[in-house]
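Enquirer: My questions all concern the structure below.
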Amino acid sequence: MSLELINPDDLPTPEMYTQVVVATGSRLVFVSGQQPEDIHGELVGHGDFAAQARLAFGNLGRALRAAGARPEQVCKITIYIVDYKRDEHVPIIEEAQIALFGDHKPANVVVGVAIMSPGYLIEVDAIAVV
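Residue numbering for the sequence shown follows my numbering, starting at 1 and increasing by one per position.
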């Protein structure tokens, strides 16, 4: 598997993601949206966005491992946030993302949504190439 990370000279260079990711490999792994739930499917961190972000990214890591994929093989993530406020949420997302990916910066999209299941504030899905 190989990922070519490209930040074109005529686009801004983002801190937490890459503008373009070219992936080559033999197997695609699509991970469903991971929510801040424990092993019993119970919400963890009610009202605490940081706790929910940490758990959602942690669950994403567990799902990747189950498929035999590593975080550095992820080419794209999508992050869904209830009532998204860039200045408030981005630093928290960055911390949770770095905990899983280290300095690997997959392409990403942050989508603000009006509501998820009651109490849920974040969900993260991923595509990896192995």
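Ideal Cβ placement from N, Cα and C applies to all residues, glycine included.
Return helix, strand or coil for Gly33, following the three-state DSSP convention.
Expert: DSSP places Gly33 in strand when its eight states are reduced to three.
Enquirer: Within this structure, are the beta carbons of Val31 and Asp125 separated by less than 9 Å?
Expert: Yes, they are a contact pair.
Enquirer: Since Thr24 sits in a beta bridge, which residues does DSSP pair it with?
Expert: BP columns for Thr24 point to Ser2.
Enquirer: Please name the residue, chosen from Lys105, Cys75 and Ile39, that lies closest to Pro14 on a Cα-to-Cα basis.
Expert: When only C-alpha atoms are compared, the closest one is Lys105.
Enquirer: For Ala114, which residues from the same chain have a beta carbon less than 8 Å from its beta carbon, with the 5 sequence-adjacent residues on both sides left out?
Expert: Closer than 8 Å at Cβ, skipping near neighbours: Val82 and Asp83.
Enquirer: Let me check understanding here. Comparing Cα to Cα, which of Met16, Asn7 and Asp10 lies closest to Val90?
Expert: Per the Cα distances, Met16.
Enquirer: So who's on the other strand from Gly112, going by DSSP bridges?
Expert: Answer by DSSP bridge pairing, in chain order: Ile81.
Enquirer: In the structure shown, what three-state DSSP assignment does Val129 receive?
Expert: Val129: strand per DSSP, three-state reduction.
Enquirer: What three-state label does DSSP hand Ile93 in the structure shown?
Expert: Here Ile93 sits in helix by DSSP.
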